[in-house]
Amino acid sequence: MPVSAVEVLDARFDAEPDHWPELTARAGLRADWSWPVLAAQAWAARVPQLVTVLHGSEGPTGVVASGFVGPTTRRHRFVGPRRAGGLGGLDVRAPGTSAVPGWWFDTDDGHGGVHRLLAEFLPGIRRELGAGVCAALLRQVPEEALPLLEKRGRLVRKTEPLAHLRAVGDRDAWLATLPRKRRQHLRRLFDTIDDDPTTTVRTGGAVDPTRAAELLRVNLETHRDVPIIPLPQFTGQLTALLARPDVFTIAYTDPRDDTLLALGVLLDHPELPLARHWSALPEDEGGRPGLYFHFYGELMRWLHDTGRPRVSLGKKMVDLKRSMGAEFTDQYAAALPLVGLALLGLP
Amino acid sequence: MKTGIGRDSLRGMVKTGVDALWRTAYRRVVRSAFATVPFYRERWALGGRTEPRLGSGSAEGAVSTEDLVRAAVDLAPLAGGPTGFDPVRGLGGLLPLARPTAGDGLLVALEHPGARPVWDLPRGWRGCLVDAEVDDPALPEVGAALGAGRPVVAVGPDKALDGFTDRVPGGDRVHRVPRRTLDRLDSGPYGVLHDPVLGYLGVLRDCGLWHLDWTRVYARRTRAGLAFTLLRQRSPRLVDALVGGGVPGRVEWCPRHATPVVRTVAG
């Protein structure tokens, strides 16, 4: 399908386009795609964060988020003052999360959108940014796209599977679906925490973004086993995110001194909400044991109350998540050279 | 007819040089804060700035120390670093100017228990922290130093200095350096300018003016008050902090020493 126009936006410099609210609603994009959140994130990123909108004759037909990694990128430095351009590669991924793909298209291409990425997005963004865009890394690629990608000169790797938790009724109904040992463990734990007067659980309340930023830093420190350690979410980004009406928090506090003990942040979506953040205070700093498990129970309650069919739990901790009843979807990452695109016979 | 460079023109040249170095150091810190420290990045960028060009907004880019304390987690640069504030920072460097003494002495910092020791003492000096409210175990050592004729310089608030000199034997020989806050600068004859978040910022010199510790501290006038920047502290990075909630004042140049001084309404 020919594309009439490609619009490459950088939320650092470009105001929210008029079509953005309608596009995000139509595409079912979560709170982290809201323009103020994108702007905050783009400023506090290492590389330019691009939002590419594909336009057809009757309005937007697709949107892709990507980072532009150039030779001036530094691990301990925020992005420079200029727009993306020159020599570099695209890191195609959703803003802020690695649990969902970073693209949406209005039609199903039978390959999870990857066909349209290759046929429309990549040539289009190279027209806009120039031929210096010499490689692309696609993340959260679904299995059905593999036949398109497994060609000479490309690198396709299976990455960590993504976990989903299906709604099966209230907390007790969910417990009943779990293996006996896990069920007994969770029952005991839920009783302990529910009866603990020093721990209060609140879903959907306001949380101070500064305290949230402090607490979320704890979890980031425990996951430093990846090649590129993501930057934390800073206070400004969290302020923009937590102000959104479609963001819910599950907060554990100590009512005696109002210490934030643990925090889960959910990005709502009619079909697949995301459990975007989780972090808990370590026990030696006054935290409580077992809150992560209790959080699953609260998630099930929230799914039950809101009628959402399932929730994405992201990657990592496969065995633990499986024991909590999670299901998994395989995902892949693909690195493509873009130099001589036509010669390689894309798509 | 006199030939050569006069004393005044020499002072003028020193002032020009110091001013250039001082501003360059400040601009470097601002650029680096914007490029690597989340708090300033978000504050300045989301406030509509795309480069470290200060001067916009009601406080002209400055921020209260209360806000800095609240945002401590975002004051470390991306490469990491401590986020705790150091209330004794800079004291050691100011000591020779605060109370010139003959020979190496003993510094007594009158601080709350749990404060960090003074770590930037001049060579040959020793230091100790004393809690003036109680019979601190360090008091005998101070008495011994006084007895041996070593100079002892005590730095702290007036009340703590009184308590300390009463408790220590030979307390009348202690060189007192009272700690002053920006909104209560007096005419001395001795004193150091202190803020609990930024540490020691300046000193009252023999010219009777409050000198900034200009190699480590930058100050500029904003509509919200005097804003201070620590030029050498990487983390937590403190840039354009409105000390004391924003105290109106001016940065001037000392006619005798040709280095920057602060003048507030009170001082």
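Sequences listed follow chains C and R, in order. Here the first sequence is numbered in the numbering used here, starting from 1 and rising by one per residue. Here the second sequence is numbered in the numbering used here, starting from 1001 and rising by one per residue. Cβ coordinates follow ideal geometry from the N, Cα and C atoms, glycine included.
Under a Cβ-count criterion, where at least 16 other Cβ atoms within 10 Å of its own Cβ denotes burial, should residue i be classed as buried or exposed?
i: C:H164; result: buried
i: R:K1159; result: exposed
i: C:I228; result: exposed
i: R:D1186; result: exposed
i: R:P1117; result: exposed
i: R:T1024; result: exposed
i: R:R1177; result: According to the sequence provided, residue 1177 of chain R is Val. The question's Arg does not apply to it. So R:V1177 ends up on the buried side.
i: C:T107; result: exposed
i: C:L87; result: exposed
i: C:A15; result: exposed
i: R:T1016; result: exposed
i: C:K158; result: exposed
i: C:T239; result: buried
i: C:G28; result: exposed
i: R:G1080; result: exposed
i: C:T222; result: exposed
i: C:W33; result: buried
i: R:A1076; result: buried
I want to see whether chain C comes within less than 9 Å of residue i, judged by CB atoms only; does it?
i: R:E1042; result: yes
i: R:R1070; result: yes
i: R:A1079; result: yes
i: R:V1197; result: no
i: R:L1238; result: no
i: R:V1030; result: no
i: R:G1267; result: Its pLDDT being 46, under 50, R:G1267 is placed unreliably by the model, and the measurement read from it follows with that caveat. For R:G1267, the answer is no, since every Cβ of chain C falls outside 9 Å of its Cβ.
Residue i touches chain C at which residues, Cβ-Cβ below 8 Å?
i: R:A1062; result: In chain order: nothing, as chain C lies at least about 18 Å away.
Could you check whether the Cβ of residue i sits closer than 9 Å to any Cβ belonging to chain R?
i: C:L242; result: no
i: C:A39; result: yes
i: C:Q237; result: yes
i: C:R188; result: no
i: C:R12; result: yes
i: C:V8; result: no
Residue i versus chain C: which residues are under 7 Å apart at the beta carbon?
i: R:P1038; result: A44, F234
i: R:A1045; result: W43
Pull the bridge partners of residue i from the DSSP assignment, please.
i: R:H1211; result: R:V1203, R:V1261
i: C:S312; result: C:H164, C:L274
i: C:T73; result: Beta-bridge pairing links C:T73 to no other residue.
i: R:L1242; result: R:S1064, R:A1227
i: C:Y252; result: C:V201, C:A262
i: C:L117; result: Looking at the DSSP assignment, C:L117 forms no beta bridge with any residue, so it has no partner.
i: R:T1222; result: R:G1225
So, helix, strand or coil for residue i, using DSSP?
i: R:S1032; result: helix
i: C:A145; result: helix
i: C:K158; result: strand
i: C:P337; result: strand
i: R:W1119; result: coil
i: C:A11; result: coil
i: R:V1073; result: helix
i: C:S57; result: coil
i: R:G1143; result: helix
i: R:R1179; result: strand
i: C:Q233; result: coil
i: R:L975; result: Absent from the structure is residue 975 of chain R, since the part of chain R shown begins at 1001 and ends at 1267.
i: R:Q1233; result: coil
i: C:S98; result: coil
i: C:T259; result: strand
i: R:L1078; result: coil
i: C:W104; result: strand
i: R:H1194; result: strand
i: R:W1253; result: strand
Could you name the residues of chain R that residue i contacts, counting a contact when the two beta carbons are closer than 9 Å?
i: C:L231; result: P1038, L1078
Going along chain R, which residues have a C-beta under 7 Å from residue i?
i: C:E214; result: V1073
i: C:R77; result: A1035, T1036, L1078
Task: Selection of the region 195 to 226 of chain C by Cβ proximity to chain B, strictly under 8 Å - done: The structure shown contains no chain B; the protein chains it does contain are C and R.
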